[in-house]
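Here's the structure, in structure tokens; my notes come after.
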Amino acid sequence: MKVSGLKNVKVIAAIAGGAAVVGLGVIGAISDSAGAGSPALASGSHMNVGQTSTETTPPTAPEVSMAVPAMRGYTPPSGFAVTH
Numbered sequence: 001m002k003v004s005g006l007k008n009v010k011v012i013a014a015i016a017g018g019a020a021v022v023g024l025g026v027i028g029a030i031s032d033s034a035g036a037g038s039p040a041l042a043s044g045s046h047m048n049v050g051q052t053s054t055e056t057t058p059p060t061a062p063e064v065s066m067a068v069p070a071m072r073g074y075t076p077p078s079g080f081a082v083t084h
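Numbering (UniProt numbering), first residue to last: 1 to 84.
Shown next as structure tokens:
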């Protein structure tokens with residue numbers, strides 16, 4: 001591809017990108033002004049605050065003294081290498 005052809009592609013891409021930015025700006029301005037008369041979703045002076053957690057004193061000792069596995073399996077000795 002010639003250098004002049006590459007410059008044309010860059011110019012066309014820049015124009016398309018600029019048009020997209022301008023178009024999104026126009027759409028954003030139109031949609032923002034259309035909702036000016038409607039109330040906001042979170043409007044209101046009263047907040048509904050409920051209890052979400054309770055504070056408790058942690059136990060002094062753990063419930064389980066030592067974890068024990070449900071199944072036992074073979075453990076290879078250290079230095080054991082598996083070759084394929």
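Just so you know, even glycine gets a beta-carbon here, dropped at the ideal spot from N, CA and C.
Beta-carbon proximity list for residue i, same chain, < 6 Å, skipping 5 on both sides
i, result
"M71", "none"
Where residue i falls: helix, strand or coil (DSSP)
i, result
"S31", "helix"
"G17", "helix"
"V68", "coil"
"G5", "helix"
Residue i beta carbon near the ligand SAH (any heavy atom closer than 7 Å)
i, result
"S31", "Only the bare structure without any ligand can be found here, which leaves the ligand SAH out of the picture."
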